[in-house]
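Residues 1129 to 1200, numbered by the working numbering, are exactly what the sequence shown covers, in order. Yeah, the Cβ is synthetic: ideal placement off N, Cα and C, and Gly gets one too.
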Amino acid sequence: MATLTVDRQALLGRGRDLEAEAQAEVTALRLAGLSLLALAVYVAVDAAAALRSPALFIAREDLETWRGEHDH
């Protein structure tokens, strides 16, 4: 029968290292998530502003005019 010698302090130290790495990754993922959320809000606000833009209304009118001219 083989004997297994375990260095308890080394295992505990490695466990703490792994826990610290995991916490750092969780923090990085949270920051990335917040960045994506901020980007989504920015895009949504920008899109909403574009929808209210006079240029879009002019483009819609031009498209409707073009459709009217090309409908048979």
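| query | result |
| --- | --- |
| How many Å lie between Ala1160 and Leu1146 at the Cα? | 21 Å |
| Return the CA-CA distance between Phe1185 and Glu1197, expressed in angstroms with no decimal places. | 18 Å |
| Output needed for Glu1153: all residues of its chain with C-beta closer than 6 Å, excluding positions within five of it in sequence on either side, in chain order. | none |
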